[in-house]
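Working notes for the structure below.
In our numbering, the protein residues as written are 6 to 128.
Below, the structure is given as structure tokens:
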């Protein structure tokens, strides 16, 4: 048995359980999940090529815009513009699914009023 807490009723083998990482360690902390993670009850499917593309695009946009706004990638991704970047990345990979425009990624005030609750700070 590992030092991880084994949930009641888990039907994974010891090896499968040992291969699982907690969700907060395994996945990129994005406004939108870019891969399936496990809660310990099953082995998740590996990240698909499209999910990898979305993750790459989110990181690329976040790095560029965070630098432009003199903030961290993490703070940028926690903002309305970070969410817009995630939607934009998904649109680029999966087609136009979400109503979002480039201005929302670059300027937090360009987002509709209902999406402006969270903004980054430069501190």
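By construction, the Cβ of each residue, glycine as well, lies at the ideal position given by its N, Cα and C atoms.
Keep in mind that this is a model prediction, so the values were computed, not measured.
Residue i, enclosing alpha helix (DSSP H) - first and last residue
{"i": "residue 114", "result": "Element bounds for residue 114: n/a, residue is neither H nor E."}
{"i": "residue 63", "result": "54 to 73"}
{"i": "residue 93", "result": "85 to 99"}
Proximity test, Cβ basis, 9 Å: residue i and chain E
{"i": "residue 39", "result": "Absence of chain E from the displayed structure is noted, only one protein chain being present."}
Sequence-distant residues of its chain with Cβ nearer than 6 Å to residue i (five each side left out)
{"i": "residue 64", "result": "none"}
{"i": "residue 81", "result": "67, 70, 71, 87, 125"}
Proximal residues to residue i (C-beta, below 7 Å), its chain only, five neighbours per side dropped
{"i": "residue 102", "result": "95, 96"}
{"i": "residue 58", "result": "98"}
{"i": "residue 123", "result": "The pLDDT assigned to residue 123 is 49, lower than 50, so where the model puts this residue is not dependable, and the model offers no usable value."}
{"i": "residue 115", "result": "108, 109"}
Proximity below 9 Å, CB of residue i to CB of residue j
{"i": "residue 73", "j": "residue 111", "result": "yes"}
{"i": "residue 62", "j": "residue 93", "result": "yes"}
Neighbourhood of residue i by C-beta distance below 8 Å, restricted to the same chain and skipping five residues each side
{"i": "residue 18", "result": "none"}
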